[in-house]
Every structure is written in C-alpha cells, then in structure tokens.
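Visitor:
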Ligand SMILES: [Zn+2]
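Residue numbers (the working numbering): 1 to 304.
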C-alpha cells in the first residue's frame, strides 16, 4: 500500500526488541485467515467438490442426437442414468440405443422438465429398462406425453420423485448434486432440474432449459457451478447462458443439443459469440450427431 507503509513498519520494528513478535506478524496472520475465509466463500466448499479418483476410470456421457430436443446417457461403473428422452418421435431411437448398448436397467431417470422435447421419449426408455428412481420437478402436467410418462413410472416405482435442492446421490463413483428444481416457477423452462455430476476432478453441468432467472438464482445461492462440461441451457437460446453464469461455470466444453434448421433459430448468435469469447470448445449435435465425452477423473476427452 503506497510507499509510506513499509517505512513506518520498518521504523516501528527498530524500536522493539527483535525477539518479540511484532504487530506486523499478527497482521500477516489475520490477513492470511481473512484471505482463506474469502477463498472459501468464493469457491464454496472445495474439499467436497472432487470425488476420490477411481482405480479404473469408467465414466462417459453420451449426448444423443435427438434433433431439437435433449437426451443424455450418463454411464459410470456399470450404472446408467438417462437425463431427458427427446420428443415422442424419438421413442424408437431411445429404445434402440438402450438395447444396442445392452442397458436394461437405469439407476436414475431425470426428466428435467415437462416439455415434450424432454419427456417425450422417456416412456420408451421405461419400457426398455427397469428403473430405480425417477426425478422430475412436477408430478402432473397437462399433456398426453407427460401422462404417458407418469403411468410408465408408476408401473415400476412408487411414483415420480420431486427432488430437493441440495439432494445428492451416487451413480457408481460419480456424485450427482441437485442444484435447482423449482416446481412453482411460472415458466415451465424455469422449473428445470439443474444437476451437476462430479467424477474425480471433472464435472458436468446439466441445466435443462433453465433460463437467466434460474442462472441468477444459482449464482446467488453460492453453489459450485464451475464445470468441465456445460450442457448449454435451452438448446442455445439467448434466454440462457448469460455472461455472468458462463463466467462462473467456465467450461472447457459446451454441448448444444439442437436440431438442424430449427424454427427457433437455435443456437442464437449471441450465445455462440459468448462461448467463443470465453474460449470454450462448442460441440453441437446438429453438426456432430451423437457426442460422447469420456472422463478419466482428471480430464475430459471427446471419444472418436
Ligand atoms: Zn427444450
């Protein structure tokens, strides 16, 4: 701090015995404690953020090309979780993908919200597999495809579970944290379950179609958002991926699940430019088809 201070400390030190701890050392200790406190506030709880690295890494996320919709399979240590299931028209695709991969058991199914492009193909998944737990922000919604989803869930389980923010569960050695779920939100998109999957030192953030108000609430909550991979909210619409949110997540990869020549103009130019400015590698299902990302617990790679 300005040039005067060190001189003042120097003078004060000379007046004191060299064996006595000076005021200065207490100040250093206080500053160190304060800085540590600030670090904890800013970074959340870092000691909880990484999971122990597995002996034999086995983790991948398959972002399925379901056109203008969302569907992602998370596979870890022989366990499977399906996040969204595309449109009703994707039912055959979802059923076939699960069969071809030899998946007949899903530990978890997450329907991020009740819109058709997320819930539509889930009944097919529930007919292809047994399921342990099914999460969704609501248990009722006025559409035929949602009713078909609920009845498929009820055939196998005690019913759809509405998770609480702060809930965590394990998929193999990967930890899944529920960061947002607001059944009361006026906009269905903003009811979206937002979840973060932590595998070793890597992490994947799934935001459904959550828009800026949810992103802002997440920033205000102080939850750890920093992630290696961001499944870009709402198919790359400018209603999501605000500058501040992106700045906090700071992903290495951004996956956009989007249909070719869709009528919404997704992904929007401003989102692509924000991602570009942040130096993020953008992966789009309309350009690449299915996208497979593999983590060894330290780094994430695109599978060929
Ligand atoms: Zn959507």
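Ideal Cβ positions, reconstructed from N, Cα and C, are used throughout, including at glycine.
Between 143, 158, 135, which lies nearest to residue 169 when the distance is taken from Cα to Cα?
Guide: Closest option to residue 169, Cα to Cα, is 135.
Visitor: Smallest Cα separation from residue 266: which of 277, 69, 54, 49?
Guide: If we check each option's Cα against that of residue 266, 69 comes out closest.
Visitor: Below 8 Å on the Cβ atoms is my guess for residue 290 versus residue 82; work out the distance and round it to an integer in Å.
Guide: The pair is not a contact, with the Cβ atoms about 14 Å apart (cut-off 8 Å).
Visitor: When DSSP builds the beta bridges, which residues end up paired with residue 146?
Guide: Answer is none; residue 146 lacks a bridge partner.
Visitor: For my contact list, residue 104 and residue 130 are in at a C-beta cut-off of 8 Å; report their separation, rounded to the angstrom.
Guide: Contact flag correct, Cβ pair sits at about 7 Å.
Visitor: Tell me the DSSP bridge mates of residue 274?
Guide: Partner(s): none; residue 274 has no beta bridge.
Visitor: Give the list of continuous alpha helix (DSSP H) stretches no shorter than 4 residues that lie fully inside the region 227-300.
Guide: Those alpha helix (DSSP H) runs which fall completely within the region 227-300 and span 4+ residues are 243-249, 269-277, 285-288.
Visitor: Answer with buried or exposed for residue 53, where buried requires no fewer than 16 other C-beta atoms within 10 angstroms of its C-beta.
Guide: Exposed, because fewer than 16 other Cβ atoms sit within 10 Å of the Cβ of residue 53.
Visitor: To the nearest whole angstrom, what separates the beta carbons of residue 193 and residue 112, a pair I think is in contact under 8 Å?
Guide: At roughly 5 Å, the Cβ-Cβ gap stays under 8 Å, so residue 193 and residue 112 are in contact.
Visitor: Which two residues bound the contiguous alpha helix (DSSP H) that contains residue 132?
Guide: Premise fails: residue 132 lies in the beta strand (DSSP E), 130-135, not in any alpha helix (DSSP H).
Visitor: Decide if residue 137 is buried, meaning its Cβ has at least 16 other Cβ atoms within 10 Å, or exposed.
Guide: Buried, by the Cβ-count rule.
Visitor: Which same chain residues end up closer than 8 Å to residue 120 when comparing Cβ atoms and leaving out the 5 residues on each side of it in sequence?
Guide: Here the set comprises 69, 85, 86, 87, 88, 89, 90, 91, 145.
Visitor: Whole angstroms is fine: what's the gap from residue 41's alpha carbon to residue 223's?
Guide: The predicted model places residue 41 with a pLDDT of 49, which falls under 50 and marks its position as unreliable, so this point remains unresolved.
Visitor: Any heavy atom of ligand 1 closer than 7 Å to the CB of residue 209?
Guide: Because some heavy atom of ligand 1 lies under 7 Å away, the Cβ of residue 209 counts as near it: yes.
Visitor: As a quick exercise: from 60, 110, 295, pick the residue whose alpha carbon is nearest that of residue 132.
Guide: Of the candidates 60, 110, 295, the one whose C-alpha sits nearest the C-alpha of residue 132 is 110.
Visitor: Quick check: what's the CA-CA separation for residue 261 versus residue 186?
Guide: The straight-line gap from Cα to Cα measures roughly 29 Å.
Visitor: Give me whichever residues DSSP pairs with residue 95 in a beta bridge.
Guide: Bridge partners of residue 95: none, in fact.
Visitor: What residue does the beta strand (DSSP E) around residue 110 start on, and which one ends it?
Guide: Run containing residue 110: 105-110, per the beta strand (DSSP E) assignment.
Visitor: Among 115, 152, 142, 147, which residue has its Cα nearest to the Cα of residue 127?
Guide: When only C-alpha atoms are compared, the closest one is 152.
Visitor: Going by the C-beta, is residue 117 closer than 7 Å to any heavy atom of ligand 1?
Guide: It does: the Cβ of residue 117 is within 7 Å (strictly closer) of some heavy atom of ligand 1.
Visitor: For a quick check, are the C-beta atoms of residue 118 and residue 208 less than 8 Å apart?
Guide: Yes, these two residues count as a Cβ contact at 8 Å.
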